[in-house]
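In the numbering used here, the protein residues as written are 457 to 640. C-beta atoms are modelled at their ideal positions from N, C-alpha and C, and glycine is treated no differently. On a predicted model such as this, the values are computed, not experimentally measured, just so you know. Shown next, in structure tokens, is the structure this report addresses.
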Amino acid sequence: MNEQIKQIAERLAGLRDALEISPEEMAKVCNLTTEQYLQMESGTVDISVSILHQISQAYGVELTTLMFGDEPKMSSYFITRKGKGIAVERTKAYKYQSLAAGFAGRKADPFMVTVHPKPEEEPIYLNSHPGQEYNLVLKGRMLLQINNKELILEEGDSIYFNSELPHGMKALDGEKVSFLAIIL
């Protein structure tokens, strides 16, 4: 089991227990079965950022608190130096760096995201979460699927969309793609 996923799972279980919320209630918030939710809390399955976003809103905590275990402390500004964002590698093909983890009371969650190429026949993993999302491609090309529509985004292209619609991405041309994702 990935150590970061295990730590996130422990934070989920501990917070739910402390707030005296049942697994059934949290499963409903996440649009999952109770069994699926408990698998996340046990650390036996990967947990998408979109699910963590829903949980953080339900618990009234910062998304980065669930992901990294640290409470944001800065309220005037927070600098993230190049390549120094708090990283979480959820799978070998997908890597996030939080760019504002230390800022308390954020209205948005900005991430630097790197997606590594996968076999052509592998389907795109789709997820959805409340709110909106902005993506700006910084390097490479990606296929972005939103609500069954496939869009190709190239370096410099950006998109703003309703993140409640099922969406997912895939790196193209056998090369990794890097993009800025802002979850609102």
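Distance cut-off 7 Å: L609 Cβ against heavy atoms of the ligand SAH: The ligand SAH is not among the ligands present in this structure, which contains no ligands whatsoever.
Would you give the residue range spanned by the alpha helix (DSSP H) that A465 belongs to? E459 to A474
Hey, would you say G541 sits closer than 8 Å to S532, going by beta carbons? no
T536 and S634 look like a contact to me (Cβ under 8 Å); what is the Cβ gap, rounded to whole Å? Rounded, the Cβ-Cβ distance is 15 Å, inconsistent with contact.
Using the C-alpha atoms, what's the distance from K551 back to R472? 26 Å
Using the beta-carbon count (16 or more within 10 Å), is P566 buried or exposed? buried
Could you tell me if G558 is buried or exposed, where buried requires 16 or more neighbouring beta carbons within 10 angstroms of its beta carbon? buried
Bounding residues of the beta strand (DSSP E) (the contiguous stretch that carries S614): S614 to N618
By DSSP's criteria, A627 is part of a beta bridge. Which residues make up the other side? M598
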